[in-house]
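For reference, the structure is listed below as structure tokens.
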Amino acid sequence: MKVESDSVTPFAKNGFLSRLSFWWLNPLMKKGRKKILEDEDIPRLRDADGAENCYSLFLEQLNKQKRAKPSILKAIISCHWKEIFLTGCLALLKVLTVSAGPLLLNSFILVGEGKKSFKYEGHLLAISFFFLKGIESISQRQWFFRSRLIGLKVRSLLIAAIYKKQLRLTNSARLKHSGGEIMNYVTVDAYRIGEFPFWFHQIWTTGLQLCLALVILFHAVGLATVAALVVIILTVLCNIPIAKIQHKFQSKQMVVQDERLKTISEALVNMKVLKLYAWETHFKNVIENLRKVEHKWLSAVQSEKVYLSILFWSTPVLVSSATFAACYFLRVPLHANNVFTFVATFRLVQEPISSIPDVLGVFIQAKIAFARIVQFLEAPELQSAHVQPNCNMESVNHSISIKSAKFSWEENSSEPTLSNINLKVKPGEKVAICGEVGSGKSTLLAAILGEVPKIQGSIKVCGKISYVSQTAWIQNGTIQENILFGSAMNSERYRETLESCSLVKDLELLPFGDLTEIGERGINLSGGQKQRIQLARALYQNADIFILDDPFSALDAQTAMSLFHEYLLGALSEKTVLLVTHQVDFLPAFDNVLYMSDGKILQEGPYHQLLASSKEFQDLVNAHKETAGSERLAVVSSAHTHGTSSREIRMTYIEKQLEAREGDQLIKQEEREIGDTGFKPYRQYLNQNKGFLYFSMASISHLLFAIGLILQNSWMAVKVDNPHVSTLRLVLVYLLIGLASILFLICRSLCTLAMGLKASKSLFSQLLDSLFQAPMSFYDSTPLGRILSRRYYFASAKELMRIDGTTKSLVASHLAESLAGATTIRAFEKEEKFFAKNLDLIDTNASPFFHNFSANEWLIQWIEMISAVVLASAALCMVLLPPRTFSSGFMGMALSYGISLNTILVRTIQNQCSIANNIISVERIYQYMHIPSEAPQVIEESRPMANWPAVGKLEIQDLQVRYRPNAPLVLCGINCTFEGGHKIGIVGRTGCGKTTLISALFRLVEPATGKIIVDGIDISKIGLHDLRSRFGIIPQDPTLFNGTVRYNLDPLSQFSDQAIWEVIGKCQLQEVLQEKGKGLEALVVEDGSNWSVGQRQLFCLGRVLLRRNRILVLDEATASIDNATDMILQKTIRTEFADCTVIIVAHRIPTVMDCTMVLAISDGKVMEYDAPMNLMEREDSLFGQLVKEYWSRSESTESH
């Protein structure tokens, strides 16, 4: 969704009067009355207010400061000082016109009492009321509008600066500023700072208005003003300690909020893993506990705010009572003119005084937010000056040259990650990098890309780079957008790229071809398809150097061999290539092979030379031959390969949930309510936790408080000039009514506080429950930024605010995506393209916000003009009617209310608009509170025995699975039995239904018909927690969580340290952990990015070894592990799970050669199910074909 409007806002080109009266907004308001506003109806911002211009100005001002560490605050002020000065002048004009009101009132009462200075004084005063209120309205509206515009521009430039910065962060800076925290800087902190300019001038105008008020009061009541001043000073003094406490509480709340957000982001991104391990409840409890702490600080902050609001709402009552009491003691006479001059003056300063808590709150929040953003913007950046993309490749001797270099991820570490690295790669040379898990292969590639700080030595890279990461990074968008990656479309090159990456048939059979949308992180594609799209992206960029980090491990044998020949040896025949690989059978085809161990290049040379000279390399190759099991392949005849059938490609897509209805993309457009939803969201809000009770009590209390204030003034109006009422009685009754009103005020404030906190707690809890119980299909079709923006919704007419909400989540989604793919974006040098898209999204979000606050000022200005007409008409009426028609007390009361009528009306309308806009956040939360949920976690009446499954026998009976109603079947009637204790290999080409079968076993997807029976229990009859917690799985994508090694192996704290160390030994991780020096407390950062992908897979093996489930599933579990480690692990699994049922889904055929039985699937049907040796003896065996293809790949690369 994007604002496609071509028209620039009329504000850009309209004249002075149109801007002054907000007349330029009329066309949009008329359109909004006739139809529901859509994104394209909202005009673009003028260029001067766009994010690109704001950010350029900001950089210009930063560069002007000739300092090592320029001040960000100074730069922001320098950008906007003219607008700040102009709004200051408007604020001053507003204060002066407001203060003149009570003086006019005083003169008018005297005229009413017959004390005229000249004949038409009354008429002149009545007309003056109109002009005074008109000038007041225009100055205040322009002040607020232009302040909001400054805030919008500051917000835009900060979001742009944060986005730009996150693309350049070093590894150590990423450890300090996690993805969740960076998301918080954009979606919370930048918005808070953007609000600050709106409140800035109120800091000094409040003081000035108070001083002017005191002068007027002295003129009205003489020395009794001292009493008013004393009460005001006491109020301010009471306020200072509270402000300090509030600052402290707010800081603590924001720290916990960051932590909670980080945990939620991590849980939502890895929801599939949480469900497979049955860890959702634990993670949900962790988030709930963080929320409890956050709620404690939130309650403290809100309680302080309530205390401040009571203090300031009661101040006018206390000040007026104290002043009138002082008048009594000082014998200052009370008459209608001085009493109502006093009342009118104080009512006018009541508004700025009552906003002091808000001003302080905003100031405190902005100060904290700004400090956090500044700390982030000053974090260290990557220096990749050694990469020279625009070299003349013909005159260069070496594409990559590294001399005696040391590299370390941690900048001040005594132990470098890579040491003594010497490497020269000529243009066009093909270099393979192999070695054990954690030997530094991926780090070497990262060092060449400029991702790892260099400690010593030199490195130079000449040429444009293309990079394919080990863990596929796919953008949320179409396949074509992912391949083009911001480059212009060249049809011929694009077609050749698709052919080289074996993508042509896949695309022909997708519902929208290459315009099919891919879900966030490529959710709706198989692992192999994701890697092929990454390879296509790299090839299309037409670079000089290709850096490929183990892209073939996710592919089946036939696809990998096809790509190796067509892509690596064909399309890249003249390019420089560095390939990290565990597939030893590819190595003979390379000019040079590097063998790495412990962060060093141990051996270097052509394959046959290394084989002859290096024992370590021989061991690696022999381990491969042993796992490939050449002695078992004697039956294999000559190799022949098959192209992927259309049916198989189609099945991949159905399996991955995108066999969509015509016109139905997987990623749904973000839903938003349209039009007036009536009282529905209010009812939803008040239904939370006794909300109606608190609301009723607060409403009654507020009504009684308002009646009290009116009674106070009415008593004074009627009795002030009554000779039968003594001054003491007049003041005492006035004071008692005031004190009674304050009690109702306290009751109202406490009820509102309780209602807000309880509703917040209840809504969060329900939303969390809903998200954790949602099926995987929900996460496949909903980008993470969209879910997270539900928690951050920041409110400021209805459709504009809704569009503001949905466009804000676009900014969040794009940031989340860029954080995940920062290395790829840098490698392809696409930072500017992504930054330009970010600027565009910032403007897309800023435009509805701009028109929303403009609409607010448009509405208020018209209301204020009507109020001015009402006030002037009332005054004129009093002048034109015969003298003494109204008492001077009545005139004073009526006009004092009339002077503040615009303030009361505006506050009412603003509150209404604010509530209507804020309630949209409830609306948006509710959209995700009723997601259809999975089956229950536990079904009490059908819980399995504690030792279930004891045997581990699986019976699959006529299993049919489809991902959506009316979608084609992905599994078409699977029938087979896995005997307890057997090792079952599941094989088949990409997209045949292997992953779906595993998903059905864990009930990530429910069967259409048929059932799976485990040890006599139908798994659809028991709770999901009971099912998933009894099975073990090593998933295809190894996932680690932020925390320690211990937490990652045993998050539920069920096992002793001794048991965990035993498992670590079996997983070949003991040596690495001892090197890190912190044992089980060694740090695991976000996504586990400080461990190699192979090490992450070993941790996942550790989890299942600890749990020792009777049924174990390995889903491509050793794809990123070298053959030697793979062999050790296969032996570990055979011994540790000797009497367990082990189900192995594998691309590496040797992995399943020693299985008891092999299940071959094609097109969602069972093709064969027998012992592997029996299958290989059959001529028409699918498994036999797959074995031949694998072995022929090894032979063909050997002979190359």
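In the numbering used here, each residue's number is its place in the sequence shown (first place is 1) plus 23. All residues carry an ideal CB built from backbone N, CA and C; glycine is no exception.
CB of residue i within 9 Å of CB of residue j, strictly
i	j	result
Ser510	Arg555	no
Val616	Ile456	yes
Ile624	Asn445	yes
Asp1060	Thr494	yes
Met739	Val372	no
Glu1159	Leu1128	yes
Leu734	Ile765	no
Tyr708	Ala777	no
Met916	Leu790	no
Leu115	Arg169	no
Gly1117	Thr1148	yes
Thr775	Tyr717	yes
Lys285	Glu204	yes
Val984	Pro1030	yes
Pro629	Asp642	no
Leu1124	Ile1057	yes
Ala367	His200	no
Residue i - DSSP class collapsed to helix/strand/coil
i	result
Arg673	The predicted model places Arg673 with a pLDDT of 43, which falls under 50 and marks its position as unreliable, so this point remains unresolved.
Asn76	helix
Thr1164	strand
Trp166	helix
Gln1077	coil
Thr1000	strand
Gly1055	strand
Asn879	helix
Lys679	Bear in mind that a pLDDT of 42 at Lys679, under 50, signals an unreliable position, so the number given afterwards is only what the model happens to contain. The answer is coil: DSSP assigns Lys679 none of H, G, I, E or B.
Glu452	coil
Tyr1192	strand
Gln1093	helix
Ser489	strand
Ala1147	helix
Cys457	strand
Classification of residue i by the beta-carbon crowding that lies within 10 angstroms, buried from 16 upward
i	result
Lys464	buried
Ile488	buried
Arg354	exposed
Ala859	exposed
Ala91	exposed
Ala577	buried
Val1210	buried
Met674	Model confidence at Met674 stands at a pLDDT of 48, short of 50, so the residue's coordinates are unreliable and nothing is read from them.
Thr908	exposed
Val644	buried
Thr931	exposed
Pick from the options that is closest to residue i, judged by C-alpha positions
i	options	result
Leu1047	Ser956, Val1107, Pro1074	Ser956
Leu22	Asn262, Ala359, Lys105, Thr210	Nothing about residue 22 can be reported from this structure: the residues present for the chain run from 24 to 1223 only.
Val1181	Cys350, Tyr563, Thr1000	Thr1000
Ile962	Ile1045, Gln280, Ser44	Ile1045
Pro534	Lys89, Ala990, Gly1100	Ala990
Gln498	Gly844, Leu882, Asn1065	Gly844
Ile605	Ala646, Gln632, Phe508, Leu530	The residue asked about is misnamed: residue 605 is His in this sequence, not Ile. Ranking Ala646, Gln632, Phe508, Leu530 by Cα distance to His605 puts Ala646 first.
Lys267	Leu507, Glu627, Ala323	Ala323
The ligand FMN heavy atom lying under 8 Å from the CB of residue i
i	result
Met916	Here there are no bound small molecules, and the ligand FMN is not part of this structure.
* **Unbroken stretches of the alpha helix (DSSP H), 4 residues or longer, contained in the stretch 573 to 621** => Whole alpha helix (DSSP H) segments, 4+ residues: 580 to 586.
* Asked: At which residue ranges does the stretch 378 to 405 contain complete alpha helix (DSSP H) runs of 4 or more residues, listed in the order of the chain?
  -> Runs found: 379 to 400.
* Could you give the uninterrupted runs of the alpha helix (DSSP H) lying entirely in the stretch 141 to 190, keeping only those of 4 residues or more? -> Counting whole runs of 4 or more residues, the stretch 141 to 190 contains the alpha helix (DSSP H) stretches 144 to 189.
* Asked: In chain order, which alpha helix (DSSP H) runs of at least 4 residues are fully inside the stretch 873 to 937?
  -> Whole alpha helix (DSSP H) segments, 4+ residues: 911 to 922.
* Mind pulling the alpha helix (DSSP H) runs of 4 or more residues that sit fully within the stretch 965 to 1049? -> Within the stretch 965 to 1049, the alpha helix (DSSP H) runs of at least 4 residues that lie entirely inside it are, in chain order, 1017 to 1024.
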